[in-house]
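Going line by line, the protein sequences match chains A and B. Just so you know, the first sequence maps onto residues 1 to 550 in UniProt numbering. Just so you know, the second sequence maps onto residues 1 to 550 in UniProt numbering. Even for Gly, the Cβ is constructed at its ideal location relative to N, Cα and C. Report on one structure; see the data block that follows.
2 protein chains.
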Amino acid sequence: MASAPSTDNPQPGNTPANEEGSESGGISKKQAKKEAMKAEKLRKKQEAAAATNTASQIESLELDPRADDFGDIPMDELQSKAVSGREWTTIGSLNSELADRTVLLRGNAQTIRPVSKKMAFLVVRQSMSTVQCVLTVGKDYGSPQMVKFATGLSRESIVDIEGIVSIPKDPIKGATQQVEIQVRKLYCVNRAVPNLPINLEDAARSEREFEKAEATGEQLVRVGQDTRLNYRVLDLRTPANQATFRIQCYVEDMFRLFLRRENFVGIHTPKLIAGSSEGGSAVFKLDYKGQPACLAQSPQLYKQMAICGGFERVFEVGSVFRAEDSYTHRHLCEFVGLDAEMEIKEHYDEVMDLVDRLFVTMFDYLNENCKKELEAIDRQYPFEPLKYLRKTLRLTFKEGVEMLKEAGLEVDPLGDLNTESERKLGRLVFDKYGTEFYILHRYPLAVRPFYTMPCPDDPAYSNSFDVFIRGEEIISGAQRIHIPELLTSRAEACGIDLKTISTYIDSFRYGAPPHGGFGVGLERVVMLFCALNNIRKTSLFPRDPQRLVP
Amino acid sequence: MASAPSTDNPQPGNTPANEEGSESGGISKKQAKKEAMKAEKLRKKQEAAAATNTASQIESLELDPRADDFGDIPMDELQSKAVSGREWTTIGSLNSELADRTVLLRGNAQTIRPVSKKMAFLVVRQSMSTVQCVLTVGKDYGSPQMVKFATGLSRESIVDIEGIVSIPKDPIKGATQQVEIQVRKLYCVNRAVPNLPINLEDAARSEREFEKAEATGEQLVRVGQDTRLNYRVLDLRTPANQATFRIQCYVEDMFRLFLRRENFVGIHTPKLIAGSSEGGSAVFKLDYKGQPACLAQSPQLYKQMAICGGFERVFEVGSVFRAEDSYTHRHLCEFVGLDAEMEIKEHYDEVMDLVDRLFVTMFDYLNENCKKELEAIDRQYPFEPLKYLRKTLRLTFKEGVEMLKEAGLEVDPLGDLNTESERKLGRLVFDKYGTEFYILHRYPLAVRPFYTMPCPDDPAYSNSFDVFIRGEEIISGAQRIHIPELLTSRAEACGIDLKTISTYIDSFRYGAPPHGGFGVGLERVVMLFCALNNIRKTSLFPRDPQRLVP
Chain A
1 MASAPSTDNP QPGNTPANEE GSESGGISKK QAKKEAMKAE KLRKKQEAAA
51 ATNTASQIES LELDPRADDF GDIPMDELQS KAVSGREWTT IGSLNSELAD
101 RTVLLRGNAQ TIRPVSKKMA FLVVRQSMST VQCVLTVGKD YGSPQMVKFA
151 TGLSRESIVD IEGIVSIPKD PIKGATQQVE IQVRKLYCVN RAVPNLPINL
201 EDAARSEREF EKAEATGEQL VRVGQDTRLN YRVLDLRTPA NQATFRIQCY
251 VEDMFRLFLR RENFVGIHTP KLIAGSSEGG SAVFKLDYKG QPACLAQSPQ
301 LYKQMAICGG FERVFEVGSV FRAEDSYTHR HLCEFVGLDA EMEIKEHYDE
351 VMDLVDRLFV TMFDYLNENC KKELEAIDRQ YPFEPLKYLR KTLRLTFKEG
401 VEMLKEAGLE VDPLGDLNTE SERKLGRLVF DKYGTEFYIL HRYPLAVRPF
451 YTMPCPDDPA YSNSFDVFIR GEEIISGAQR IHIPELLTSR AEACGIDLKT
501 ISTYIDSFRY GAPPHGGFGV GLERVVMLFC ALNNIRKTSL FPRDPQRLVP
Chain B
1 MASAPSTDNP QPGNTPANEE GSESGGISKK QAKKEAMKAE KLRKKQEAAA
51 ATNTASQIES LELDPRADDF GDIPMDELQS KAVSGREWTT IGSLNSELAD
101 RTVLLRGNAQ TIRPVSKKMA FLVVRQSMST VQCVLTVGKD YGSPQMVKFA
151 TGLSRESIVD IEGIVSIPKD PIKGATQQVE IQVRKLYCVN RAVPNLPINL
201 EDAARSEREF EKAEATGEQL VRVGQDTRLN YRVLDLRTPA NQATFRIQCY
251 VEDMFRLFLR RENFVGIHTP KLIAGSSEGG SAVFKLDYKG QPACLAQSPQ
301 LYKQMAICGG FERVFEVGSV FRAEDSYTHR HLCEFVGLDA EMEIKEHYDE
351 VMDLVDRLFV TMFDYLNENC KKELEAIDRQ YPFEPLKYLR KTLRLTFKEG
401 VEMLKEAGLE VDPLGDLNTE SERKLGRLVF DKYGTEFYIL HRYPLAVRPF
451 YTMPCPDDPA YSNSFDVFIR GEEIISGAQR IHIPELLTSR AEACGIDLKT
501 ISTYIDSFRY GAPPHGGFGV GLERVVMLFC ALNNIRKTSL FPRDPQRLVP
C-alpha cells in the first residue's frame, strides 16, 4: 500500500524551488530569524490544537470497553516507573516466520490512513525499517474509539503497538517488511506536533520522481538543503540519510579494523594548540587561559610527534577545524579527519601501498555488506557504483600533466591542479584505465606543506601524493621530513614562524625515523563513494561559514 | 646484561626532587622560557659536537676494508631513492626459532656499551621490544673502526642493523628478547643530539627502585611530570608509556566493538557550537565568522538529537573541551569522551545494564589480552589489578549516604558527594561487597544537569547514575527528558538561556522516544584501571590550565 501524499497544510520551510544544488549552505540571519518566528507561531498553534484533540479523545474513551487497549501513556510510566519484562521485537526483524505470533513494537507513526470508522492503516517506522499495521474492530478487540484515536495521532508520533503478525495476500509496497501487524493495542508514547516543518515524504522523494514530474509538468515539493539542515532531526529520518550515516560508521569501522590489523595504534592528539597549526590564515583562534591558541587544522604535527615517540604506526579519527571561507559543495569548517602516520623503511611507496590496500578493502566491504544502505541512497539519489581496480593505478604528477596537455588543457607543470583540471584528469584516467580511483604522486614541492620531503633526484618535486575518487581529491599523503635542519629551512622558506613550531621541530632531534602518512576526510569518502553532490549530506550537523546551528 | 646507568652529563630538565605527585601540571612562563633558552644553548653545543664527531669518524673510515659495512646513511637514500626489496624483521618477533638466520632490524640505539676496542654492546629498541646486539671484530666482519663508530653513536639514534641471530648461554636481563644479534652491518639512519633532555633510564625507573633507594639513602634522578611533558616525545618511549597508550587504544577498540555488536551507530557531532553548550562558565569561547561560538563541553545535546533523528542507539568517541580552572590529578581542559545514547523502552536500568556488560567485557578483555602492557605499567608504577564483580553492584544514592552516615561521615542527602566522600564510600563498598567498580544511582535531581529525568515517585531524585572505579567517579549517565515542555521548564529552573538551546528543545517536538545514555572519559578509564595517580599520564599531549605545548 502506498501512503497518500500529504497535500493539505503547506509545510513551513519547504520551498518548491530547486534549492538542492545550491553551493552556499547558509541563509541570511534576517531570513533565519523570520523563519524561526514563523515556526514558533505555528508551533504554539499546533500545541494548542494537540491539547484539545487529546482532551476530546479522553472523553470518548470513557464509554469504550476497550479503553485500556489504547491511549496516551501517562508521563510517570515513561519515567522509569517499572520494568515489565515484556519482550520487544524490532521492526527490521519482522518476517513471515513470525506469522500468528503476538509482537510488541515501538516506532514512529510514519503514515496514518483512515479507511472507515472501523478501519485504519498505520505505517510504523524504526530506523530503516517500516511495517504496515492494520486497525480493525473485531468481537474481542478494537473499537471505533480506538480507530479514532489512531487516526487522530500526528505523524511521526512515537507509538507502542501490540499485535499479531499476519501474511498479506499481495506484496506490500508501502513498507519494507513483508508482513502486516493486526493491531490489538496501541499506545502513544510521545506526540509529534501536528504540522511538521518538513514532510518526510517530500524529504525522501527520489530524484527519479522529480525527473518524471518535470517531464509531465507535475509540481512536487522539493525540500531544500537549508530547510533540511534547519530541521535536521526530521531530515535524518529519511531512508537515504539513515543509510548515509550507517555507511559513514562502516567506513570508520573499516579504517580502524584494517589499520589495527596492520599494527597501527589509535591515538588522540590535542585540538587546542598554541601558534597557528600548520600556518595559513584558515584557523579558528581563541583565548586559552590568557594564551593565544587555535584549533588544530589537522593532527599532522602531533601524529608525527607520536612517531617520534616510538609508536611506529599510528592513526587518529578526530575533529579537524578549518576557518576557510569556502562555500563549495566539498568544504566544511569542521569535519572528521581519518589520519595515519607510519615509519617507512625506504620509500613512500610503502604509504601508497597501504592506502591502496586499505581503500580497496574498504570499498569491497561496503559493496558486499552495505547493500541495503547503498540501495536506500540510490533510491533517492541514483548513482553508479564506484569503479576501481584490484591494484590501484598510480600516475606521477608529470604524467597527469602530460595527459591534460594532450587533451588540450594547459596546466602549470610546477603548480597545483585546480578543481577543473582534476575533474578533467579524472575523466581522462577513466577513459584510459577504467578506474575512478587512482593515485597521483610526485607533486611539485612548491604546492605541498613545508614538512613534505623533497624528491632525492629533483628538489622541484616532492615525495607526496593525492588520491582521487570520481575526479575529486580525497586523500593527501607524503613522506615527511625527519631531519630537523631540513625541516627548519623548509619551514622558514614557507614563511612559518619557527617559534610556534619549536617543540615540533625539536621532536626530530632525539632520533627520528623516516616516516610518512596520509589524511582523508570521512565525509568526503562517503560523499564520493556514493556520488552525493554535497558534503552537507554526509555531515550529521554540518558547519560551514554560515551555519553554526543546529 | 643490565645497561650501565648514565652518571655523566647532568641532564637538563631532570630534577632530583619528588615533583612526580604534584597536582599542578604547569611551570611558570618565566621558568619555561629560561628552560627553553638553556635547552637551545645545549642543543647548539651538542650539534657542533656531533658534527665534529661524524667528521672524525669519516676520516677513520677511509682506512677500513669494512668501511661499507657501517656509517651514516646519506640523506638522499632516506628520501625514497630506491626500493631494495630487503626484508625487515621486527624486534618483537625475534626468538630462538630464528637462530643462525640473518636479520635486518631498525630501531633506537637505547644503550651503547663499549667493552674494548674490538667489542661493544648495543641494545636496540622498537616500540616495546628490545634486543641486545653484539659488535665484535672477526676475520670476515667487523673492524675497530666499526666498533668506534658504534660507541660514538648518541643514544636514541635510529640505526639499521644486519646481523645473525644467536642464542646466549645466560638469560638476557637488559633486553626483552631472549636472543642476541651478532652484528655484521650497522648504519645510522638518524642521529639524536648527544645529550638528551631526559635520560630514558631515569624516565623508566620503577617506583620500587625509588623506594629501595630511599631506604638505603641512595640518590636517584627522578624525572618530574612537567619535564616529562615538556619532552613528551622522549618520555613516550618508556615501556610504561608505550603500554599505557596501547591499552588506551584497546579500551577504545572494545568500547566500539561492543557497542557495534549491540547495534549502536558511531556518529560524529559538531564541536563548534552556538551558545554555551550545556551552560556553566567552563567553556572555551571563540569567534565563528562573526558569530559567538564555543567548543562543545560534551556531545550531550547532539547525541540526543541523533536519537530524535531516528538512529535508536548511537555512540561517539571525540574531543571534549572544558575551560575549568582545575589543577587536580583528574581534570584536563581537553579529553576524549566516550559517549553513548540509546532509546529506552521502560527504565534507565536498560542503560545501567549496558554499562555493566560493556565495562565487565572491557576489563576482562584487557586482563586477558594486554598482559604484556599491564606488566610494563606495573613494573614502573606497581598496582593491584582492579577488583570487579561479574554482575556490577548497584546501590542507590540514599543507600550510599546511609553507609557513609553509619561510618560517621555527615553528608547532605540531597547534595552531591565530594571527592573525599566518594573515596570513603569506595572503601566502605570494597569492604562490604569486595568490588572496586560499582554503580550509584537515583542521584538528587538538584545536582544533575537540566536534561535529567526526575524520578516518577519523588521529584527530589532523578533517574541518573554515576559509576565508580577505585573510589573515583568515572561514568555519568541518566534517563533524559524527552518531553519538550518538561525540558523547557527544567532548563529555565536551572538558569539556562532557552534561546541558546532552542533547536535542541525543538528536536523533541517531532516525536521523541524515551532515551538515556552515559559518558566517560577515555583517559580516566585507563588511569583508574591501571591505578595511575595522574591523568596527565594517560593523555598523549595533555592540556591543563597551564599547558598548551607541546
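Residue contact with chain B for A/Thr503: present (Cβ-Cβ distance below 8 angstroms to some residue of chain B). Segment contact: the region 369–389 of chain A against the region 447–455 of chain A, fewer than three CB-CB distances shorter than 8 angstroms; contact not assigned. When the five nearest sequence neighbours on each side are left out, the beta carbons in the same chain lying within less than 7 angstroms of the beta carbon of A/Pro144 are those of Lys117, Lys118 and Val137, in order along the chain. Taking the Cα of A/Gly85 as reference, the smallest distance to any Cα among B/Glu346, B/Thr538, B/Val549 and B/Thr361 is reached at B/Glu346. DSSP lists no bridge partner for B/Pro299. Around the Cβ of B/Val115, a 10 Å sphere holds fewer than 16 other Cβ atoms; the residue is exposed. One Cα belongs to A/Phe315, the other to A/Asp378, and the distance between them is close to 31 angstroms. Bridge pairing for A/Gly337: A/Gly318 and A/Gly521 [DSSP]. A Cβ-Cβ contact shorter than 8 angstroms links A/Ile161 with A/Ile181. Cβ proximity to chain B below 9 angstroms picks out nothing from the region 203–229 of chain A.
The three-state secondary structure of B/Val134, taken from DSSP, is strand. Using a Cβ-Cβ cut-off of 8 angstroms, B/Ile273 counts as an interface residue toward chain A, since at least one Cβ of chain A sits closer than that to its own. Contact of A/Gly71 with chain B is not assigned, every C-beta pair being separated by 8 angstroms or more.
For B/Glu312, the chain A residues whose C-beta falls within less than 8 angstroms of its own C-beta are Gln126 and Ser127, listed in chain order. Collapsing the DSSP output to three states places B/Met254 in a helix. Taking a beta-carbon distance threshold of 8 angstroms, B/Arg260 counts as an interface residue toward chain A.
The alpha-carbon of B/Leu104 is positioned some 25 angstroms away from that of B/Leu200. For the options B/Gly152, B/Arg547, B/Gly471 and B/Leu522, the alpha carbon positioned closest to that of B/Asp72 is the one of B/Gly152. With its beta carbon at least 8 angstroms from every one in chain B, A/Asp466 lies outside the interface. For A/Cys370, the nearest beta carbon of chain B is not closer than 8 angstroms to its own beta carbon. Within the region 154–169 of chain B, the residues whose Cβ lies closer than 7 angstroms to any Cβ of chain A are, in chain order, Glu156, Ser157 and Ile158. Beta-bridge partners assigned by DSSP to A/Val165: A/Ile181. Around the beta carbon of A/Gly309, 16 or more other beta carbons sit within 10 angstroms, so the residue counts as buried. DSSP places B/Met453 outside any alpha helix (DSSP H), giving it a letter other than H or E.
Neighbours of A/Asp364 in chain B, taken as residues whose beta carbon is under 9 angstroms from its own, are absent, since the nearest beta carbon is some 19 angstroms off.
In the structure shown, B/Pro382 falls within a coil segment according to DSSP collapsed to helix, strand and coil. Contact note: B/Cys133 does not reach chain A at a C-beta cutoff of 9 angstroms; the least C-beta distance is about 16 angstroms.
Taking the Cβ atoms as the reference, B/Ile158 lies roughly 5 angstroms from A/Pro513, within the contact range of under 8 angstroms. Out of A/Phe121, A/Lys169 and A/Glu87, the CA that lies nearest to the CA of A/Lys148 is found in A/Phe121.
Across the region 507–522 of chain A, CB contacts with chain B closer than 9 angstroms involve Ser507, Phe508, Arg509, Tyr510, Gly511, Ala512, Pro513, Pro514, Gly516 and Leu522, in sequence order along the chain.
For A/Asp64, no alpha helix (DSSP H) segment is defined, and its DSSP state is neither H nor E. Neighbours of A/Thr269 across chain B, judged by C-beta separation under 7 angstroms: Leu540 and Phe541.
Boundaries of the alpha helix (DSSP H) around A/Pro144: Pro144 to Thr151.
Between A/Glu436 and A/Glu343, the alpha-carbon positions lie close to 29 angstroms from each other. In summary, A/Asp76 is exposed, with fewer than 16 beta-carbon neighbours lying within 10 Å of its beta-carbon over all protein chains present. A/Asn463 reaches chain B at Gln79 and Ser80, counting residues in chain order whose Cβ is nearer than 7 angstroms.
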